[in-house]
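Inspection log for the structure reproduced underneath, given as structure tokens.
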Amino acid sequence: MTRKHIVIDQNAFRKEGLLCPAMTSAKNNGENIVVTDMALVEMMKSDQWESTTKRSLSILATEPQLVICSKGIGPMMKEEYDSGAPCAYIFDDEVSNRFRRLLGEVSGGDDTTFEHVRKVIGAARDLAKHQHLDHGRNKAALMTIVDAWKKDLTAEQLRRLRGSDEQLTRELLSESEMQSTCFNALVGAGYDRSKAARLTMDPSVSSHEFLCFVAVGLRWLDGLGAADEKKVTNDLADKDYVVTATFCRDLVSEEKRVQEQFARINDVIDRRARLFESIVQSSLAMPPEEPAS
């Protein structure tokens with residue numbers, strides 16, 4: 068899979084030292100700067116959304132033609148659920164065009180698009196709160212994953228993971244049993260079995276979302292019960308950037324933890340691809356069965 072484009076974490080929008088080199092790199096490589104659905108949610112979640120947005124977009128507004136918006140993780144998974152095939156195009160052209168107009172207004176002073184946003188922002192924020200910012204529901208969902216990890220892991224594995232054993236983390240996320248778990252999770256979510264099998268094996272938003280979610284669970288093996296629910300929501304927001312970035316070339320974030328998560332998941336995806344390829348090659352190398360007499 069050839070990857071292009073650079074995803075920007077919302078925390079890097081105002082950081083010239085991070086964003087400007089990414090914009091230069093994208094321009095030199097004929098690529099785009101990717102603004103995710105989650106970045107827009109985080110940018111516009113406060114009552115001061117308009118001033119926050121204008122400040123956050125001031126650097127990008129100098130190069131609006133570089134920017135493209137990705138689809139939300141949920142809608143892309145719905146596409147895969149319906150078709151049984153990996154989402155072929157992760158970008159939303161209509162939203163991208165509106166967003167470029169918004170960038171033009173940030174630098175040019177016109178307010179037409181902002182006026183439209185003012186009319187719909189209330190409903191949009193209510194939807195975002197339901198889909199992404201329900202802190203209690205987010206924590207409960209992650210608790211389910213953490214409990215499953217604790218049930219499956221040995222005492223020695225738990226000890227090593229609590230010591231931040233990166234090698235073991237990548238091995239656990241890459242092993243064949245994890246692919247079976249992903250398949251079962253998709254089937255449990257209502258995916259047709261044949262569709263779930265393909266989406267588990269191929270690079271798909273559904274399988275990458277699953278991998279990133281269970282990886283967040285490994286980070287929270289201890290302390291989740293007493294954790295601030297908003298911190299859990301922030302971790303799951305970071306996950307959305309990583310999932311989108313697995314289909315792109317790079318992810319720019321000021322948080323080292325997010326950069327490490329991106330590198331980890333990319334390595335896991337590569338390991339899974341090699342594992343699947345070895346299974347296919349072994350199958351092709353097997354002699355055909357003798358017909359029954």
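Residue numbers (this note's numbering): 68 to 360.
Note that CB positions come from ideal geometry on N, CA and C, so glycine has one too.
Note on K306: 16 or more other CB atoms within 10 angstroms of its CB, so buried under the neighbour-count rule. The C-alpha of I140 lies about 25 Å from the C-alpha of K121.
At a Cβ-Cβ threshold of 9 Å, H199 and A304 count as neighbours. By the criterion of a C-beta distance shorter than 6 Å, K71 is surrounded in its chain by E98, R316, once the five residues flanking it on both sides are discounted.
For E322, same chain residues with a beta-carbon under 8 Å away, outside a window of 5 residues either side, are D76, N78, D305 in chain order. One thing to note: A282 has its Cβ within 9 Å of the Cβ of I332. Of the other Cβ atoms in all chains shown, 16 or more fall within 10 Å of the Cβ of E276; this residue is therefore buried.
Comparing C-alpha distances from V74 to each of L342, R339, L133, L318 shows the shortest one belongs to L318.
Y308 counts as buried, since at least 16 other C-beta atoms from the protein chains shown sit within 10 angstroms of its C-beta. Counting only the Cα atoms, S241 lies some 30 Å from A293. Taking L253 as the centre and dropping the five residues before and after it, the same chain places the C-beta of A263, L266, T267, S273 closer than 7 Å to its C-beta, in chain order. The beta-carbon separation of V213 and W287, rounded to 5 Å, stays under the 8 Å limit for a contact. An exposed status is given to P142, since fewer than 16 other beta-carbon atoms sit within 10 Å of its beta-carbon. From the listed residues L107, Y258, P131, the smallest Cα separation to M90 is found for P131. When secondary structure is reduced to three states using DSSP, S271 falls in the coil class, being assigned neither helix nor strand. For L209, the number of other beta carbons within 10 angstroms of its own is at least 16, and it is reported as buried. When only Cα atoms are considered, E109 and G171 end up about 21 Å apart. The segment 293–328 contains, as complete alpha helix (DSSP H) runs of 4+ residues, the segments 296–312 (chain order). DSSP places C136 inside the beta strand (DSSP E), whose first and last residues are 134–136.
About 18 Å separates the CB atoms of C154 and V102; that is not less than 8 Å, and the two are not in contact. The closest CA to that of D259, considering only R81, G84, F80, G151, is found on G151. Uninterrupted beta strand (DSSP E) stretches at least 3 residues long and entirely within the segment 218–270 do not occur. In the DSSP annotation of this structure, the continuous segment of the beta strand (DSSP E) that includes I73 starts and ends at 73–75.
Under DSSP, no beta-bridge partner is assigned to V187. Under a 10 Å Cβ-count criterion, K206 is classified as buried, with 16 or more other Cβ atoms of the shown protein chains found around its own Cβ. When the alpha-carbon of E161 is set against those of E182, E146, L278, V134, the nearest one is in V134.
For I100, the three-state secondary structure derived from DSSP is strand. For I140, the enclosing alpha helix (DSSP H) covers residues 140–150.
Collapsing the DSSP output to three states places F80 in coil.
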